[in-house]
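Beneath this line is the structure, given in C-alpha coordinates, with notes to follow.
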Amino acid sequence: MPRAFDPETVKIIALAYDSAWHEIEAASAKPMSPAQRTKASAELTKHLLAAVEGGERDPDKLRLIALESMKTK
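Note that the sequence shown covers residues 354 to 426 in the numbering used here.
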(Lines of atoms letter the chains of each structure in order from A; the text may use other names.)
(Lines give C-alpha, C1' and ligand atoms only; values in the text may rest on other atoms or scores of the structure.)
Protein backbone atom coordinates (compact mmCIF):
# COMPACT_ATOMS: atom_id res chain seq x y z
CA MET A 354 0.00 0.00 0.00
CA PRO A 355 1.40 3.45 -0.87
CA ARG A 356 2.60 5.48 2.05
CA ALA A 357 1.39 9.03 2.68
CA PHE A 358 3.88 11.77 3.56
CA ASP A 359 3.36 14.96 5.50
CA PRO A 360 3.59 18.27 3.59
CA GLU A 361 7.14 19.02 4.80
CA THR A 362 8.39 15.64 3.63
CA VAL A 363 6.70 16.16 0.25
CA LYS A 364 8.58 19.47 -0.08
CA ILE A 365 11.85 17.72 0.75
CA ILE A 366 11.18 15.00 -1.82
CA ALA A 367 10.34 17.60 -4.48
CA LEU A 368 13.49 19.59 -3.72
CA ALA A 369 15.67 16.47 -3.91
CA TYR A 370 13.93 15.33 -7.11
CA ASP A 371 14.34 18.69 -8.85
CA SER A 372 18.01 18.92 -7.89
CA ALA A 373 18.76 15.35 -8.97
CA TRP A 374 16.82 15.74 -12.21
CA HIS A 375 18.82 18.85 -13.07
CA GLU A 376 22.03 16.84 -12.61
CA ILE A 377 20.72 13.98 -14.74
CA GLU A 378 19.81 16.31 -17.58
CA ALA A 379 23.11 18.19 -17.34
CA ALA A 380 25.07 14.92 -17.47
CA SER A 381 23.28 13.64 -20.58
CA ALA A 382 25.45 13.89 -23.69
CA LYS A 383 22.33 14.35 -25.81
CA PRO A 384 18.67 15.05 -25.06
CA MET A 385 16.72 12.07 -23.74
CA SER A 386 13.82 10.66 -25.71
CA PRO A 387 10.39 10.84 -24.06
CA ALA A 388 10.67 7.13 -23.19
CA GLN A 389 14.12 7.63 -21.64
CA ARG A 390 12.85 10.63 -19.65
CA THR A 391 9.89 8.62 -18.35
CA LYS A 392 12.09 5.69 -17.35
CA ALA A 393 14.72 7.90 -15.68
CA SER A 394 12.05 9.87 -13.83
CA ALA A 395 10.42 6.69 -12.53
CA GLU A 396 13.78 5.30 -11.39
CA LEU A 397 14.69 8.56 -9.67
CA THR A 398 11.34 8.67 -7.90
CA LYS A 399 11.65 5.03 -6.81
CA HIS A 400 15.08 5.58 -5.27
CA LEU A 401 14.07 8.84 -3.57
CA LEU A 402 10.99 7.28 -2.02
CA ALA A 403 12.96 4.26 -0.83
CA ALA A 404 15.46 6.55 0.91
CA VAL A 405 12.67 8.62 2.48
CA GLU A 406 10.90 5.47 3.66
CA GLY A 407 14.23 4.46 5.19
CA GLY A 408 14.16 7.63 7.28
CA GLU A 409 16.36 10.06 5.32
CA ARG A 410 15.08 13.64 5.25
CA ASP A 411 18.09 15.70 4.14
CA PRO A 412 17.45 16.82 0.53
CA ASP A 413 21.14 16.80 -0.40
CA LYS A 414 21.62 13.28 0.98
CA LEU A 415 18.45 12.12 -0.76
CA ARG A 416 19.73 13.52 -4.05
CA LEU A 417 23.08 11.77 -3.65
CA ILE A 418 21.51 8.46 -2.59
CA ALA A 419 19.14 8.48 -5.55
CA LEU A 420 21.83 9.43 -8.07
CA GLU A 421 24.22 6.77 -6.74
CA SER A 422 21.47 4.15 -6.83
CA MET A 423 20.75 5.00 -10.45
CA LYS A 424 24.44 4.68 -11.37
CA THR A 425 24.68 1.19 -9.89
CA LYS A 426 21.60 -0.06 -11.72
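All C-beta atoms, glycine included, are put in the ideal place defined by N, C-alpha and C.
Nearest-angstrom Cα separation, counted from residue j out to residue i
{"i": "residue 381", "j": "residue 360", "result": "32 Å"}
{"i": "residue 417", "j": "residue 356", "result": "22 Å"}
{"i": "residue 363", "j": "residue 375", "result": "18 Å"}
{"i": "residue 379", "j": "residue 386", "result": "15 Å"}
{"i": "residue 399", "j": "residue 423", "result": "10 Å"}
8 Å Cβ cutoff met for residue i and residue j
{"i": "residue 370", "j": "residue 420", "result": "no"}
Per-residue DSSP class, three states only, for residue i
{"i": "residue 423", "result": "helix"}
{"i": "residue 411", "result": "coil"}
{"i": "residue 387", "result": "helix"}
{"i": "residue 416", "result": "helix"}
Counted within 10 angstroms of its Cβ, other Cβ atoms place residue i as buried (16 or more) or exposed
{"i": "residue 405", "result": "buried"}
{"i": "residue 384", "result": "exposed"}
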